[in-house]
Every structure is written in structure tokens, then in C-alpha cells.
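*Asks:*
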Amino acid sequence: MKLDKSKIIAVRTNKTVYKDGNLAIKVFDEGFSKANILNEALNHARVEETNLHIPKLIEVGMIDGKWAIVTEFIEGKTMAEMMEQEPDKYDEYLERFVNLQIEMHAQECPLLNKLKDKMHRKISETELDATTRYELHTRLDALPVHKKVCHGDFNPTNIIMNNEGIPYILDWSHATQGNASADVARTYLLFCLAGDTVNGDKYLNLFCKKTDTAKQYVQKWLPIVAASQSVKGKPEEKEFLLRWADVVDYE
368 MKLDKSKIIA VRTNKTVYKD GNLAIKVFDE GFSKANILNE ALNHARVEET NLHIPKLIEV
428 GMIDGKWAIV TEFIEGKTMA EMMEQEPDKY DEYLERFVNL QIEMHAQECP LLNKLKDKMH
488 RKISETELDA TTRYELHTRL DALPVHKKVC HGDFNPTNII MNNEGIPYIL DWSHATQGNA
548 SADVARTYLL FCLAGDTVNG DKYLNLFCKK TDTAKQYVQK WLPIVAASQS VKGKPEEKEF
608 LLRWADVVDY E
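Residue numbers (the working numbering): 368 to 618.
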């Protein structure tokens, strides 16, 4: 398989995505963790067994000495593009976005890694002091254990609406099974990181209303999720996330 720059459709940190016919090829930079790449492919294959619409995994291999994940290419627009191009329909798209996340949380995928285990590991890797880490570990232990499919990076850029209007969910590298409110806290933080707290609040209110979830319950997850995200976060995001993680009176 020969790839050239004319086929590039997205460039992300440590990876480049190409379109080759009806295939999407995600090529990782040299030195990117092989274990993380294989874990992403395994997550993808496992989630394919649920009732969710996701691109089919075709192949995992090497291209020009770099690891690559090859999936079916879904023709369409991301929900983020649709929100930007049709601002008058933003609220309608946001509702579809929330409905899709609720549909995802209704799924179970028993072989995915457990969200709590991942969070504990990430908290231990943060730059926070021992007292704060202990507090976060304790709070995490006190929160209920669930087995819902959690995406870990659920945002409008990872939803593609195909030409028939069917939403496909992309990028399962952070998928786990666990508590839906942790996944919602992560999405809320993504809105905040993008500087869009107004729509972040709108999103959170909508999710809580539709699922009859207390907002305070989601907020209990915010410092834990922020601490976890700070480990892999971009340098410019780290300070923001660590401030969230270090808050004592966070509700």
C-alpha cells in the first residue's frame, strides 16, 4: 500500500490519517507505543460486536516501517462540521449527540478494560502531590462500579454522519467499561478545553435531564477525570486539567 500526501485527510498528534479508496488508514509516528496501537485495534474489534455503528476494522500492520490501523472509510461529515456549518441547528445536533452517547452507554462489552482500573493507574502517574493523589484515589473507590461502554473521547469530531444520516462513532483508543458519568465528565471537560463552556453546560444539563442524573453526581467525577487526562494531555492543557484535579470544593 503506497500512501502520498495527497491522500491525507487528517493530521493529529503522533498520527496521520489517509483515505485510500474505501479505506481509512491511520498511520502512527515511529516510536508510538506498539502496545497502545494494538490495544486501540483490540478495543475497536470488541466494540464492533455491540449494536453501535462503527467503521469495520480491516487490518493492523506496518506501512513504510510505521504501524497502521486500517478501517472502512465512512463517507459523510463530522457532527462538529455540521454544528459549525449550520449554527441555527446546533441545539438539534447537540440533542442527537447526547442521544447517541446515551445509546452507547446502554451497551455492554465485557472484555474492555475497566474504567476504574485505568483511572487509578493514571492518577498514580500524575504530577499531583501525594495528598491530592490519595484523596482522588479515595474518591474514586467510593464511586459506583458500572459496566457501560465508555468512549473516553466522545466529542462531535469523533461522530461521522454518513450519507444516509446514520451516525458512526470513531476512535476507540480510550474505550473502557465503567460508569457513564465518568464518560460524560470527560466530554464536558473537552468542551471546556475548547473554550466552549456555554455549550459544555448546555450539554451537561441536557444529558442529566434526559437520563435523570443529578449534575452533582457527574461533578464528582470531574477532578478524577481531569487528573487522568492530565497524564496524556497536551502541555497547554495540562495546567487547566491539573487545576480541575486539585480542587477540593469542586461541587
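Virtual Cβ for every residue (Gly too), placed ideally from N, Cα, C.
Closer than 7 Å by C-beta to residue 483: which residues in its own chain qualify, once you throw out the five before and the five after it? Chain order, please.
*Replies:* Around residue 483: 507, 512 and 545.
*Asks:* Tell me which residue opens and which closes the alpha helix (DSSP H) that residue 609 is part of.
*Replies:* 602-612 is the extent of the alpha helix (DSSP H) around residue 609.
*Asks:* Would you call residue 429 buried or exposed, if buried means 16 or more other Cβ atoms sit within 10 Å of its Cβ?
*Replies:* Per the 10 Å Cβ criterion, exposed.
*Asks:* Return the bridge partner residues of residue 575 from the DSSP annotation.
*Replies:* DSSP lists no partner for residue 575.
*Asks:* Looking at C-alpha atoms only, which residue of 443, 575 and 444 is the closest neighbour of residue 550?
*Replies:* Of the listed residues, the one whose Cα sits closest to residue 550 is 575.
*Asks:* Here's the rule: buried if 16 or more other CB atoms are within 10 angstroms of the residue's CB, otherwise exposed. What is residue 454?
*Replies:* By the 10 Å Cβ count, residue 454 comes out exposed.
*Asks:* Short check: CB of residue 392 to CB of residue 434, under 8 Å?
*Replies:* Not a contact, by the Cβ cut-off of 8 Å.
*Asks:* Determine, using beta carbons only, whether residue 588 and residue 612 come nearer to each other than 8 Å.
*Replies:* Taking 8 Å as the Cβ cut-off, residue 588 and residue 612 do not qualify as a contacting pair.
*Asks:* Going by Cα to Cα distance, which pick from 503, 601, 592 and 419 is closest to residue 470?
*Replies:* Residue 419 is the option with its Cα nearest to residue 470.
*Asks:* Taking buried to mean at least 16 other C-beta atoms within 10 Å of its own C-beta, is residue 536 buried or exposed?
*Replies:* It is buried - the Cβ of residue 536 has at least 16 other Cβ atoms within 10 Å.
*Asks:* Measure the CB-CB distance between residue 461 and residue 566 and report whether it falls below 8 Å.
*Replies:* Going by C-beta atoms, residue 461 is nearer than 8 Å to residue 566.
*Asks:* Please tell me whether residue 543 and residue 519 are closer than 8 Å, where the distance is taken between their beta carbons.
*Replies:* Yes, these two residues count as a Cβ contact at 8 Å.
*Asks:* Out of curiosity, what's the CA-to-CA distance linking residue 616 and residue 498?
*Replies:* Its pLDDT being 49, under 50, residue 616 is placed unreliably in this model, and the coordinates cannot settle the point.
*Asks:* Starting from the C-beta of residue 477, find all residues in its chain whose C-beta is less than 8 Å away, skip the five residues before and the five after it, and write them out in chain order.
*Replies:* The residues are 514 and 544.
*Asks:* Between residue 489 and residue 501, what straight-line distance do the alpha-carbon atoms span, to the nearest angstrom?
*Replies:* Approximately 13 Å between the Cα atoms of the pair.
*Asks:* Expressed to the nearest angstrom, what Euclidean distance is found between the alpha-carbon atoms of residue 618 and residue 485?
*Replies:* Note on residue 618: pLDDT 44, under 50, position unreliable in the model; the coordinate value appears next. Using only the alpha carbons, I get a separation of about 23 Å.
*Asks:* Where does residue 422 fall in DSSP's three states?
*Replies:* Residue state, collapsed to three classes: coil.
*Asks:* Would you identify the three-state DSSP class for residue 439, choosing helix, strand or coil?
*Replies:* Of the three classes helix, strand and coil, the one that applies to residue 439 here is strand, per DSSP.
*Asks:* Considering only DSSP beta bridges, list what residue 391 is partnered with.
*Replies:* Answer by DSSP bridge pairing, in chain order: 386 and 438.
*Asks:* Can you tell me which of 438, 464 and 383 puts its alpha carbon nearest to the alpha carbon of residue 449?
*Replies:* Among 438, 464 and 383, the Cα nearest to that of residue 449 is on 464.
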